[in-house]
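**Q** In order, the protein sequence lines correspond to chains F, H and E.
The opening position of the first sequence corresponds to residue 1075 in our numbering, with each subsequent residue numbered one higher.
The opening position of the second sequence corresponds to residue 978 in our numbering, with each subsequent residue numbered one higher.
The opening position of the third sequence corresponds to residue 25 in our numbering, with each subsequent residue numbered one higher.
Idealized CB from N, CA, C, for every residue including glycine.
Right, I'll just put the structure down here and ask away after.
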Amino acid sequence: MFRNALMTLSVVTAGCFCAPPAPPPPPQVMESPDAGVGASARGNLRFKGPERLVNDVAAALELRADQVCTELGQYQCAGQVHNVALGGVDPYGPGLYEPSGITAVTTPLVVDRIALSACARRVDADLATPQTAVVFRGVPLNGKKLANADGAELPAVIGELTRRVLLREPYDREVSRYVQLAKELDASTEAEPARAWMQAVCFAVVSSTESVFY
Amino acid sequence: MSLRSNGRLSRRQALKALSLAAAGTSLSPLLSGCRNALVTEEDVERGVRRDALDGKPRFLITIAAAGGASIIDSFLAVRASEAGSNAARLNTFPDSAVQAVSGSPFRAVRYMGPRLGAIPIAVNTNQLAFAQKYRDDMLVATSTGTSVNHVIAQKRAITGNAAWKGRTLQEAVALQWGQGFPLPNVNMAVGGFAERGTDGSLPASCYAETVTGPSLWPLGLDGAKGIRGAPSRDVVELARRARNELDDGSVFGRTFGGSDALTRWRTQRADGAKLEVQDLITKLNVIPDMPPQIPLSQYGLSSSPDGARLRQVFPEFFTDPFEAQAALAFLLLKHRVSVAVTIGPDFNVTVGGPNGIANPPLAFDYSHNDHRGGQAYMWARILGIIDRLVTLLKAEPFDATESLWDRTMLYVATDFGRTRGRPDNAMEFGTGHDLNNGFLLMSPMVKGNTVLGGVDAATTMAYGFDPRTGQAQPGKFVSNEPDIYSGVLTAMGADLSGSGLPDASAFKG
Amino acid sequence: MRRLLVVSLLAAGAAQAKPPAGSVFCAKYPTSPECVGKQPSCAYCHVAPPQRNGFGAAIEANLAPGAPRPLSDGDFSMLLPGALTAVEGLDTDGDGATNLVELQRGTLPSDASSKPLDRACQGDENPQFSVCRYDLKYAYKKVLLDFCGASPTFAQLKAFAARPSDDDRKAFLDAEIDRCTATEFWQGKNGQLWKVAHPKIRPVGSLKEGEDPGAIPLADYYDDYALFAWTQTGDRDAREILTADYFVRRQTNPTRYSKVTNLASQRVDAAHRAGNMTTAWSLTYFVMFTALPRNAASQMYRAYLGLDIAKQEGLYSVPNEPQDYDAKGVAAKECAACHATLDPLSYPWRNYNGISSEMFATRYVPNRIELGFRNEAPRITQIPERGVIFNQPVDDLRGWARVAADSDAFAISTTTDYWKLLVGHAPKPDENAEFVATWKRFKNDHQYRVQKLLHDIVKTEAYGVP
């Protein structure tokens, strides 16, 4: 018992026997409307495109823009490799002077790559230095697992992510679905279910339609 | 087709073909591609019939010869002795520079010049070997266009000046044969060649996927592979499922769910999953594992099994975008990703190649500066890429009886021709844009070793032909953009019911 | 939908445009959105001339059936109104709206996907968006994304919502637009203004001179971007993109633009400058080696006035044109319809040299044709410098620029550029009333100040209603 507790503490603090950081403030969870949401008649949504997407992900996860995603560790995903897939232009080389204005088949995959890359970096940093964790702070661990998927800390983290990425408080449906995701991972054969959950929930929020369209 | 001398595939080729066919079969239910399996009344209205879908796709490679590839500087060149008193002031060649292609109506230009306009590189080209090698798969059709504006003319070269509701040839091919293909139409060209057609009634996947960086573009064909520190595929899938469920039911999703953008996005997310299933991030990846610049293996990635071979065939792959495009084009066809692929040089100078300049500025439009050198240099560039690409396609089995080349149409699209005048007997001179020209089509499906139309040697202007019978019509100089458009599709065996296109039977082999 | 266009209803089998069509159409339907500051495009009746769309085919069937083709312009003008009346009650594209309704509402009578939308707003509750009216919170987020390149933070959004009144929120939005348009994202290198400029300048990297040089440096088009950014910011007149006799220097870190009299990279003398039409890059790339640079004229017409002659837009035929001074065969019947506009539009470039001569490269050279192109065609030296734009004679390119800059087409084109950038698409038929009001304010009230235009666009329902 004591040994387990000590292990938990040691993982959380990564070798630092300081007090664990407080989790984010509890979210003001909103009730999901059952039906009858007023629909937009104009339906005029726009995809964020390369610059806005990276700027927003960087700001939400407190990364530098050049840290958000690189291919092979050196080629910027949005600015270079996948610029056109993200709706950008390439005027000086192939002479692509105007954006297509619509997303391409590969755009969702590229968005996923950017979200996964940024989230992996954020989670790595938060787990490595819990005292300065930005998003995933105050989450009690039990070894590589979440100590308590039903605790208040997970909704707090979900709320933090939602506020940072979607600029609002989470709905109850979102909180329960992401908690369910934690349980699914906990029951899986994942070697590091806690890390996997953090990456997964971050990825899901960052790559959601609400995050990438405006 | 690289058949053995007895006309059959080798055992290895046959097995490979069968495995591909089997893979195609097993994947087809997953891949909705450009159109649905069943032809609806709407499809018939659009010009697609079930009988065009024999389960075997046909492929279109459009070579976008930007800037104005002049047909009288290649396969319809005119000898000075044929032009009579006008020879000195027209773009005619010394007789010795225009070589006959044995048993063929084609000609081939031999050109040697000390420099390429202001660029101090010697030009030494000869089209004869190419013409002799491919004459039976070559058809040249003379043309008169309707615009000498690059972008407009380029677009008309792929739409036949809106001959069929404004859809491009590539879109028409994607509609006809794109079923089951995850990216039916990939376009790597520039300007008007890269533009979308104006037929808004086509399924979204018929419109081209634009690729400007063919070397690294395949890295975007998987949402997770090669991302350092990313969770396992299982975790990603669980996260995606949660995300997609929430997206659909969220207030945002319900508010904007009817928008075109979100409707398209949902379809594209589903289509993207199909790209991952095929591991195209590997299969289409020509770049080598070459740390530290290209540390593929360190990121859990690997080069295509065809990578080394393609880099050998296209050694300027890294520096010459046209070579990189050609390599990717081959893989897109080989792996049944696309039925229509468009490649071509752009207007930028490309440094590289054996003499330091792979692509002169403005591509064929460098003819403004040095017509003859520019045309010779660019034709050699285009034909060199075609030769290597066709060789690859011939060696690649489509199924037990056919090669990929057997089912491929290669259309050398270009903007327009060039003006014919030159200062008396000048060998280095500049030219402008001219509506009059001709197009090269190559395929086992065309009526090979054929020139449709002809050239009036006294003026070097190309005259027309009857697109149905192929009969030459000296004196005909009217626009025939729809004939060329129809000819490409007719030769491919497309069902053109309801299209209103002219009968272009003369193109078909 | 393009503007100031001519519907070229072509006689069966004859590739002959009918320049009167647009004005006849608009005389019959003066309140049609197609006729406010513009005329319908050829696409209204054609897929590509002479191929007609369904609407064009219906008109053709009612246009003096049985009469020999082609009709004269006079007959055509006289008979077209009747043919239009005859098809008013039809629904040629089968979208449920009659042709007359589509004509009146500004949608396309030959495109089933273009039909009048009655945006009956669903009154259901929505916890995040005010879907039935201008949503200030929604607009605030969009403003920051569009002009600053990043969303507000959660805290900023809360603070915005907590402002005391809608008027206060609107004032804050205006201030944010002004703040963000000073950022690198908006006006810096490769920023939003540069993106608007790309299709106008059409850069080619390998030919770039100066900063970021290409393999064969010929001209520095960053100067063109600098002038563009200058004219589109601050309290400046956007028309100077066509009329400026000065240049603009760009400094970096942070980006600053400043007006200068001369630049080492530019060669046209002050007396002959016409904004971005006469920069070293424009003359290098659009004039290049040609005597009569129709390409330069058509590119400027397209880029700054939104009129694409190759699509038969903006045709104002000049009597007795084209003269075909350079013997290109443009007087041929199938060419003359466009070249009767294009050639007089191009004459004012006759003394602006491209790169045909190193000595005179990218300069204004009096007697340029006589010096460099005398032998190209027998009458080539007769090319006048006087030209015609929008049926108005002009003495030279600066006169051309003045007429162009003061035209409705310029105001419409500029407004369209920013409408597309901010709203995300070219104005749709149901947005036409707001669009027309916006470009008219840009021209009349704001005297071509883009900064004020941006504020106006943000205030439209097209921008701010979710």
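What residue range does the alpha helix (DSSP H) around Asp1401 (chain H) cover?
**A** Mapped onto the second sequence, residue 1401 (chain H) falls at position 424. In the DSSP annotation of this structure, Asp1401 (chain H) is not part of any alpha helix (DSSP H), being labelled neither H nor E.
**Q** Between Gly1177 (chain H) and chain E, is the shortest Cβ-Cβ distance under 8 angstroms, so that the two count as touching?
**A** Numbered from 1 along the second sequence, position 200 holds the residue referred to as residue 1177 (chain H). By this cut-off, Gly1177 (chain H) is an interface position.
**Q** Compare the C-beta of Glu1186 (chain H) against all C-beta atoms of chain F and say whether one is closer than 8 angstroms.
**A** Here residue 1186 (chain H) refers to the residue found at position 209 when the second sequence is read from its first residue. Yes, its Cβ sits closer than 8 angstroms to a Cβ of chain F.
**Q** Quick check on the DSSP output: the beta strand (DSSP E) that includes Val1428 (chain H) runs from which residue to which?
**A** Here the question's residue 1428 (chain H) lines up with position 451 in the second sequence. That run of the beta strand (DSSP E) goes Thr1427 to Leu1429.
**Q** Hey, could you find the ends of the beta strand (DSSP E) Leu1116 (chain H) is sitting in?
**A** Numbered from 1 along the second sequence, position 139 holds the residue referred to as residue 1116 (chain H). Note, Leu1116 (chain H): beta strand (DSSP E), Met1115 to Thr1121.
**Q** Please list the segments of the beta strand (DSSP E) lying wholly inside the region 1136-1171 of chain H, counting only runs of 3 or more residues, in order along the chain.
**A** 1162-1164
**Q** Spatial neighbours of Pro1071 (chain H) within its chain, please: CB distance less than 7 angstroms, with the 5 preceding and 5 following residues excluded, ordered by chain position.
**A** Taking the second sequence and counting its residues from 1, the one referred to as residue 1071 (chain H) is at position 94. Taken in chain order, the residues that qualify are Ala1057.
**Q** Can you grab the Cα-Cα spacing for the pair Val48 (chain E) / Ala1041 (chain H), in whole Å?
**A** The count along the third sequence starts at 1 and reaches residue 48 (chain E) at position 24. The count along the second sequence starts at 1 and reaches residue 1041 (chain H) at position 64. Taking the straight line joining both Cα atoms gives about 41 angstroms.
**Q** At least one CB of chain C closer than 8 angstroms to the CB of Asp1224 (chain H): is that the case?
**A** Chain labels in this structure do not include chain C; the protein chains are F, H and E.
**Q** Taking all protein chains shown into account, decide if Arg157 (chain E) is buried (16 or more other Cβ within 10 angstroms of its Cβ) or exposed.
**A** Taking the third sequence and counting its residues from 1, the one referred to as residue 157 (chain E) is at position 133. If you draw a 10 Å sphere on the C-beta of Arg157 (chain E), you find fewer than 16 other C-beta atoms in it, and that means exposed.
**Q** From this set, F:Pro1107, F:Pro1095, F:Pro1100 and F:Pro1098, which residue's C-alpha is nearest Arg1231 (chain H)'s C-alpha?
**A** What you label residue 1231 (chain H) is simply residue 254 of the second sequence in a count that begins at 1. Comparing Cα-Cα distances from Arg1231 (chain H) to each of F:Pro1107, F:Pro1095, F:Pro1100 and F:Pro1098, the minimum goes to F:Pro1107.
**Q** What does a CB cutoff of less than 6 angstroms around Cys362 (chain E) pick up in its chain, not counting 5 residues either side in sequence?
**A** Residue mapping note: residue 362 (chain E) aligns to position 338 of the third sequence, counting from 1. Excluding residues within five positions, the ones whose Cβ falls inside 6 angstroms are Ile333.
**Q** Can you grab the Cα-Cα spacing for the pair Ser1380 (chain H) / Leu1308 (chain H), in whole Å?
**A** Here residue 1380 (chain H) refers to the residue found at position 403 of the second sequence. Here residue 1308 (chain H) refers to the residue found at position 331 of the second sequence. Rounded to whole angstroms, Ser1380 (chain H) to Leu1308 (chain H) spans 14 angstroms at the Cα level.
**Q** Using the Cα positions of Ala1268 (chain F) and Glu1172 (chain F), report the straight-line distance between them to the nearest angstrom.
**A** Stepping through the first sequence from its first residue, residue 1268 (chain F) is reached at position 194. Stepping through the first sequence from its first residue, residue 1172 (chain F) is reached at position 98. A direct Cα-Cα distance of roughly 44 angstroms separates Ala1268 (chain F) from Glu1172 (chain F).
**Q** Indicate whether the contact test is met: 3 or more Cβ pairs, each with one atom in the region 283-299 of chain E and one in the region 469-484 of chain E, closer than 8 angstroms.
**A** Not touching, per the Cβ criterion.
**Q** Taking the C-alpha atoms as reference points, what is the distance between Asp1392 (chain H) and Pro1097 (chain H)?
**A** Position 415 of the second sequence holds residue 1392 (chain H). Position 120 of the second sequence holds residue 1097 (chain H). C-alpha separation (whole angstroms): 27 angstroms.
**Q** Cα separation between Leu331 (chain E) and Leu366 (chain E)?
**A** Working through the third sequence from its first residue, we reach residue 331 (chain E) at position 307. Working through the third sequence from its first residue, we reach residue 366 (chain E) at position 342. Distance between the alpha carbons of Leu331 (chain E) and Leu366 (chain E): 11 angstroms.
**Q** Report the option in H:Phe1158, H:Val1188, H:Phe1229 and H:Leu1179 whose CA atom is closest to the CA atom of Ala1171 (chain H).
**A** As a first step, residue 1171 (chain H) is located in the second sequence; it is residue number 194 there, counting from the start. Of the listed residues, the one whose Cα sits closest to Ala1171 (chain H) is H:Val1188.
**Q** Would you mind listing the alpha helix (DSSP H) stretches within the region 153-190 of chain E that are 4+ residues and don't spill past its ends, in chain order?
**A** 160-167 and 178-185
**Q** Buried or exposed for Thr438 (chain E), please, with buried defined as at least 16 other CB atoms from any protein chain shown within 10 angstroms of its CB.
**A** The sequence position of residue 438 (chain E) within the third sequence is 414, counting from 1. With 16 or more Cβ atoms within 10 Å of its Cβ, Thr438 (chain E) is classed as buried.
**Q** Could you give the distance in angstroms between the alpha-carbon of Ile1204 (chain H) and the alpha-carbon of Gln1150 (chain F)?
**A** Position 227 of the second sequence, counted from the start, is the residue given in the question as residue 1204 (chain H). Position 76 of the first sequence, counted from the start, is the residue given in the question as residue 1150 (chain F). Going from the Cα of Ile1204 (chain H) to the Cα of Gln1150 (chain F) covers about 13 angstroms.
**Q** Enumerate, from N- to C-terminal direction, the unbroken alpha helix (DSSP H) stretches of 4 or more residues contained entirely within the region 1102-1160 of chain F.
**A** DSSP runs (the alpha helix (DSSP H)) wholly in the region 1102-1160 of chain F: 1123-1135.
**Q** With DSSP as the reference, identify every bridge partner of Lys1219 (chain F), one or two as the case may be.
**A** Residue numbering aside, residue 1219 (chain F) sits at position 145 when the first sequence is read from its first letter. Secondary-structure assignment with DSSP links Lys1219 (chain F) through a beta bridge to F:Asn1216.
**Q** For the alpha helix (DSSP H) containing Gly98 (chain E), list its first residue and its last residue.
**A** Against the third sequence, residue 98 (chain E) aligns to sequence position 74. That run of the alpha helix (DSSP H) goes Asp97 to Val111.
**Q** On the CB-based measure, 16 or more other CB atoms within 10 Å of its CB, does Thr55 (chain E) come out buried or exposed?
**A** Walking along the third sequence from the start, residue 55 (chain E) turns up at place 31. Label assigned to Thr55 (chain E): exposed.
**Q** Who does Ile1271 (chain H) pair with in a DSSP beta bridge?
**A** The residue labelled residue 1271 (chain H) in the question sits at position 294 within the second sequence. Answer is H:Met1267.
**Q** Assign His449 (chain E) to buried or exposed, taking buried as 16 or more other Cβ atoms, counted over all protein chains shown, within 10 Å of its Cβ.
**A** The residue given as residue 449 (chain E) occupies position 425 in the third sequence. The residue in question, His449 (chain E), is exposed, as its Cβ has fewer than 16 Cβ neighbours within 10 Å.
**Q** What residues match up with Tyr281 (chain E) in a beta bridge as DSSP calls it?
**A** Sequence index remark: in the third sequence, residue 281 (chain E) carries index 257 (1-based). Beta-bridge pairing links Tyr281 (chain E) to E:Arg274.
**Q** How do the region 1079-1099 of chain H and the region 1044-1062 of chain H stand: do at least 3 beta-carbon pairs fall below 8 angstroms, yes or no?
**A** yes
**Q** On the criterion of 16 or more Cβ atoms from any shown chain inside 10 Å, does Glu345 (chain E) qualify as buried, or is it exposed?
**A** To locate residue 345 (chain E), count along the third sequence from 1; it is residue 321. With 16 or more Cβ atoms within 10 Å of its Cβ, Glu345 (chain E) is classed as buried.
**Q** Hey, how far is the Cα of Asn468 (chain E) from the Cα of Ala163 (chain E)?
**A** In the third sequence, the residue the question calls residue 468 (chain E) occupies position 444. In the third sequence, the residue the question calls residue 163 (chain E) occupies position 139. If I take the Cα positions, the gap works out to 26 angstroms.
**Q** Quick check on the burial criterion: 16 or more other C-beta atoms within 10 angstroms. Buried or exposed for Val489 (chain E)?
**A** Counting from one through the third sequence, the residue named residue 489 (chain E) turns up at place 465. Label assigned to Val489 (chain E): buried.
**Q** Considering Cα atoms alone, identify which of E:Lys224, E:Asp261, E:Arg260 and E:Arg263 is closest to Tyr246 (chain E).
**A** Against the third sequence, residue 246 (chain E) aligns to sequence position 222. Looking at the Cα atoms, E:Lys224 is the closest of the given residues.
**Q** Closer than 8 angstroms, CB to CB, is Asn1325 (chain H) near chain F or not?
**A** As a position in the second sequence, residue 1325 (chain H) is number 348, starting the count at 1. Chain F contact via Cβ: present.
**Q** Assuming Phe1291 (chain H) and Arg1365 (chain H) form a contact by the criterion Cβ under 8 angstroms, report the distance between their Cβ atoms to the nearest whole angstrom.
**A** Residue numbering aside, residue 1291 (chain H) sits at position 314 when the second sequence is read from its first letter. Residue numbering aside, residue 1365 (chain H) sits at position 388 when the second sequence is read from its first letter. Confirmed, about 7 angstroms.
**Q** Considering just the uninterrupted stretch of the beta strand (DSSP E) at Ala1390 (chain H), what are its terminal residues?
**A** As a first step, residue 1390 (chain H) is located in the second sequence; it is residue number 413 there, counting from the start. From DSSP, the beta strand (DSSP E) with Ala1390 (chain H) extends over Thr1385 to Thr1391.
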